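Take a look at the structure set out below.
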Amino acid sequence: MRKIAMLRVSLLTLTTLGSLAVVGGGQGSAAAQAAPPPPATPAQMARPNRPLASFEKGKKQDCYDRKTESYGALVDAHFHPRPFGGQALPPAELFDYFDKLGVRFVNYFGIGQSIDMRSSCTYYLDCPGTTALPSIKNDFVNGQETKVIPHPNLNITLSMTFTDLAHPETAVDNIKLYDKEFPGMFKWMGEANVEKQALLKNLHEPATPESIAKWAPFMKVLEERGIPITLHSDLGNDANPTQFVPLMQQILKTYPNNKIVWAHMGLSKELSKMDPNQHIAIMKKALDADPNLMLDISWDVLFNLT
């Protein structure tokens, strides 16, 4: 299959892979002391044992051994190290989690929307009416932290998440600012929101056919640099499952040479009753029409809906 589905596996579901089983001591009968330990479970046996250095170009890879190696993902292609508001996990602690889980490659996505600094809210759904708007703040924190905090066993791809797709006029200038402050460090863009219904109560302004046409200057920069862009673009909702599909169709038609990742396969919490065959047909048609389109299956809401 010529398409690659970019996978994201929740850290929470994988933490058990990094835990060690400890067999306690203490005095017991001779028979008990002589008895062999119980066989290890697959989760106990599987340990991440491939360092980042083993993935260097030209290095021969050992075959995967399901009996001894972790079945967790090596790549987290959609990760948000910053919250919408409030305190983030300390980077050193976060890097340690990735290391224990065997994740060696991670895409660092902002988050691009920051809750109003005057608010004490930490999650946008808890505070309708409070703005959560595109900003450069989280990207700058990510750039600084990844530069100064060691992570020798983790390849971090920094992503520009500031882009306001409804008002793209300043996007190129912001890219130039990133070039100045973090030369050569940001090699992805997104997750940027085309239409994210969950944010509408926080004054999110969706992209429109008119604003999509105005993306051309920054999309040209991305194309020239080979930078992918990850787009959150809801398919629709339970009342109208395909309401916003024309937006993505226009994007793919207008920018066929850009590497575009459709986040969450277009699904969302607002769309829980779509016919799976209809969803597959939409995805297949888009993939067949655009060789530069990729999908990711991130977001635990997708798993919670099943």
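So the sequence shown is numbered by this note's numbering: it starts at 1 and just counts up by one. Cβ atoms here follow ideal geometry from the backbone N, Cα and C, with glycine treated the same way. Being a predicted model, the structure only gives us computed values, none of them experimental.
Distance cut-off 6 Å: residue i Cβ against heavy atoms of the ligand NAD
| i | result |
| --- | --- |
| residue 228 | No copy of the ligand NAD appears in this structure; indeed no ligand is present at all. |
Nonlocal neighbours in the same chain, by C-beta distance under 6 Å from residue i, ignoring five residues either side
| i | result |
| --- | --- |
| residue 164 | 134 |
| residue 114 | 135, 137 |
| residue 270 | 197, 237 |
| residue 230 | 190, 191, 261, 263 |
| residue 215 | 168 |
| residue 48 | 70, 102 |
| residue 232 | 191, 193, 196, 263 |
| residue 105 | 75, 155 |
| residue 248 | 233 |
| residue 99 | 153 |
| residue 119 | 130 |
| residue 274 | 241 |
| residue 53 | none |
| residue 207 | 165, 166, 194 |
| residue 239 | none |
Of the residues the options, the one placed nearest residue i, counting alpha carbons only
| i | options | result |
| --- | --- | --- |
| residue 198 | 214, 79, 234 | 234 |
| residue 101 | 250, 187, 224, 51 | 51 |
| residue 265 | 276, 53, 148 | 276 |
| residue 125 | 68, 105, 103, 85 | 85 |
| residue 219 | 243, 256, 207 | 256 |
| residue 242 | 254, 272, 215 | 272 |
| residue 268 | 304, 83, 246 | 304 |
| residue 75 | 301, 300, 296 | 296 |
| residue 246 | 176, 62, 282 | 282 |
| residue 205 | 222, 166, 180, 174 | 166 |
| residue 94 | 150, 122, 59 | 150 |
| residue 64 | 161, 73, 278 | 73 |
Beta-carbon contacts of residue i that lie in its chain and below 7 Å, excluding the five residues immediately before and after
| i | result |
| --- | --- |
| residue 80 | 109, 110, 111 |
| residue 116 | 130, 131 |
| residue 88 | 81, 82 |
| residue 291 | none |
| residue 122 | 83, 84, 85, 86 |
| residue 222 | 189, 229, 258 |
| residue 92 | 149 |
| residue 162 | 112, 134, 135, 136, 139, 174 |
| residue 244 | 195, 233, 234, 235, 236 |
Spatial neighbours of residue i in its chain, beta-carbon cut-off 8 Å, leaving aside the 5 residues before and after
| i | result |
| --- | --- |
| residue 310 | Lying outside 1 to 306, the shown extent of the chain, residue 310 is not represented and no answer is given. |
| residue 250 | 209, 212 |
| residue 158 | 108, 139, 142, 143, 146, 182, 185, 186, 187, 188 |
| residue 252 | 260, 286, 289, 290, 293 |
| residue 25 | Note that residue 25 scores 28 on pLDDT, short of 50, meaning its location in the model is unreliable; the coordinates nonetheless yield the value given after this. Contacts found: none. |
Delimiting residues of the alpha helix (DSSP H) encompassing residue i
| i | result |
| --- | --- |
| residue 211 | 209 to 213 |
| residue 278 | 276 to 289 |
| residue 109 | No alpha helix (DSSP H) contains residue 109, which DSSP labels as neither H nor E. |
| residue 83 | It is not in any alpha helix (DSSP H) - residue 83 carries neither H nor E in the DSSP assignment. |
| residue 92 | 91 to 101 |
Continuous beta strand (DSSP E) stretch holding residue i: start and end
| i | result |
| --- | --- |
| residue 191 | 186 to 195 |
| residue 217 | Counting along the chain, residue 217 falls outside any beta strand (DSSP E), though it belongs to the alpha helix (DSSP H) covering 216 to 225. |
| residue 132 | 132 to 134 |
| residue 296 | 293 to 296 |
CB contact check: residue i to chain C, cutoff 7 Å
| i | result |
| --- | --- |
| residue 156 | No chain C appears in the structure shown, which is made up of a single protein chain. |
| query | Which runs of the beta strand (DSSP E) fall wholly inside the segment 52 to 81 and span at least 3 residues, in chain order? | reply | Fully enclosed beta strand (DSSP E) runs of 3 or longer: 75 to 79.
| Is the segment 147 to 154 close to the segment 219 to 228, with three or more CB pairs under 8 Å? | Segments in contact, no.
| query | Are the segment 113 to 130 and the segment 190 to 205 touching, with three or more C-beta to C-beta distances below 8 Å? | reply | Taking 8 Å as the limit for Cβ pairs, the verdict is that the segment 190 to 205 does touch the segment 113 to 130.
| field | contact_flag[the segment 174 to 185, the segment 133 to 147] where n(CB pairs < 8 Å) is 3 or more | value | Between the segment 174 to 185 and the segment 133 to 147, the count of Cβ pairs shorter than 8 Å is three or higher; the stretches touch.
| query | Which runs of the beta strand (DSSP E), 3 residues or longer, sit entirely within the segment 145 to 182? | reply | As far as the segment 145 to 182 is concerned, its whole beta strand (DSSP E) runs of at least 3 residues are 155 to 160.
| field | Completely contained alpha helix (DSSP H) runs for the segment 227 to 272, where each covers 4 or more residues | value | List check, alpha helix (DSSP H) in window: 245 to 254.
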